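Enquirer:
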Amino acid sequence: MFAILVDITRCVGCERCVDACVKAKGFDSDRAEDDRATTRDGLSAHRLTTVLKVEPGRFAKKNCMHCLEPSCEAACLVGGITKLPEGPVVYDPDKCIGCRYCMLACPFHIPRYEWEKTVPFMQKCDLCYERIQQGELPACVEACPNRVLQFGERKTLLRIARDRIKSNPQRYLQKIYGEKEFGGTCLLYISDVDLHELGWPEEAVPIPEITEPLISKTPI
Numbered sequence: 056m057f058a059i060l061v062d063i064t065r066c067v068g069c070e071r072c073v074d075a076c077v078k079a080k081g082f083d084s085d086r087a088e089d090d091r092a093t094t095r096d097g098l099s100a101h102r103l104t105t106v107l108k109v110e111p112g113r114f115a116k117k118n119c120m121h122c123l124e125p126s127c128e129a130a131c132l133v134g135g136i137t138k139l140p141e142g143p144v145v146y147d148p149d150k151c152i153g154c155r156y157c158m159l160a161c162p163f164h165i166p167r168y169e170w171e172k173t174v175p176f177m178q179k180c181d182l183c184y185e186r187i188q189q190g191e192l193p194a195c196v197e198a199c200p201n202r203v204l205q206f207g208e209r210k211t212l213l214r215i216a217r218d219r220i221k222s223n224p225q226r227y228l229q230k231i232y233g234e235k236e237f238g239g240t241c242l243l244y245i246s247d248v249d250l251h252e253l254g255w256p257e258e259a260v261p262i263p264e265i266t267e268p269l270i271s272k273t274p275i
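Written out as C-alpha cells, the structure is:
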C-alpha cells in the first residue's frame, strides 16, 4: 500500500505542490488561485491540495488523508467512493447522487462540491492514481523542491519516519501523525509541533465508528 510522508519541518510554503496538482488535473490556474483566497483553507473543487500558513514561518500541506478505513466510503450510499488496495481513496462520479454525505462524514473536511455546476460532482485528491499506475510519482511529490514529500510503501515510510525521528530527537516530536489516527492514513506527518495544534483532529478511533450513527438512521 502506497503512502506519502510529509515532513512539516522542511516546508517553506512555495506551493509548487499545489501548482503541480492543478496542472496534473487540468484545472484552471486562475480559478484555483481565486479559490485559495476565498475559501477557508484553500481547498476547493478546483484546488485539491493546499499549503496552510499556520503561523509565521510554518507551513503545512493539506489534502485527502486516504484513510485506511475511510468514513467517506462508509457514508456513501451508492458505492461511489472506494479504498483501493494500492492506497488511494477514489471517487466514481458515475455513481454519485449528490447527497454530500461524504462531506459530512470526513473529519478532515476534505471533499469539495462543484456548487457552481448544473450537474455537480464531488472532488478530492486521488493520490494521482493514474500516475501511480504508470509508475510515476504523484504530481505534488515530483514537484516538491525541498524533499518535504516522500512517496513509497506505507510500511517503508513508517520505518523512514521512525529513523528520522530517532536520529533527530531535537527536531521532531516522537509521533507520526496518521500511523494510528482514525485507524491509520496514507498521508503520514512528522513535525516539531503536534498536528492537533496546526488544526488536524486528534481523535484516534477508526472513522466508520463515527459515521455509523449517521448512516444507521438514514432511510435508504
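Here the sequence shown is numbered in the working numbering, starting from 56 and rising by one per residue. Here a beta-carbon is modelled for each residue, glycine too, at the ideal position from N, C-alpha and C. Computed from a prediction, not measured in an experiment: that's the story for all the values here.
1. Which term fits ASP90, buried or exposed, when burial requires 16 or more other beta carbons within 10 angstroms of its beta carbon?
2. My understanding is that PRO200 touches ARG71, with C-beta atoms under 8 Å, so please give their C-beta distance in whole angstroms.
3. Please go through the same chain and pick out, in chain order, the residues whose beta-carbon is closer than 7 Å to the beta-carbon of GLY135, but skip the five residues on each side of it.
4. Provide the residue(s) that pair with MET177 in DSSP beta bridges, ordered along the chain.
5. Is the number of C-beta pairs between the region 223–235 and the region 91–108 that are closer than 8 Å three or more?
6. Might you give, ordered along the chain, the residues of its own chain that have their beta carbon closer than 8 Å to the beta carbon of TYR184, omitting 5 neighbours on each side?
7. Can the beta-carbon of VAL203 be found closer than 8 Å to that of ASP62?
8. Going by other Cβ atoms of all chains shown within 10 Å of its Cβ, with 16 needed for buried, is GLN225 buried or exposed?
9. Label HIS101 either buried or exposed according to how many other C-beta atoms from any shown protein chain fall within 10 Å of its C-beta, with 16 as the threshold for buried.
10. Between the C-alpha atoms of LEU98 and THR104, what's the straight-line distance to the nearest angstrom?
11. Is LYS230 helix, strand or coil when you go by DSSP?
12. According to DSSP, is ILE136 helix, strand or coil?
13. Report yes if the CB atom of ILE59 is closer than 8 Å to the CB atom of LEU242, and no otherwise.
14. Could you pull out every residue in the same chain whose Cβ sits closer than 7 Å to the Cβ of VAL77, ignoring the five residues on either side in sequence?
Expert: In short:
1. Its Cβ being crowded by 16 or more others within 10 Å, ASP90 is buried.
2. 6 Å
3. Taking GLY135 as the centre and dropping the five residues before and after it, the same chain places the C-beta of TYR146, ASP147, LYS150, CYS151 closer than 7 Å to its C-beta, in chain order.
4. Bridge pairing for MET177: TYR168 [DSSP].
5. no
6. If you ignore the 5 residues before and after TYR184, its C-beta comes within less than 8 Å of the C-beta of LEU139, GLU141, PRO143, VAL145, all in its own chain and listed in chain order.
7. Contact: yes.
8. exposed
9. buried
10. 6 Å
11. coil
12. strand
13. yes
14. SER84, ALA87, ARG102
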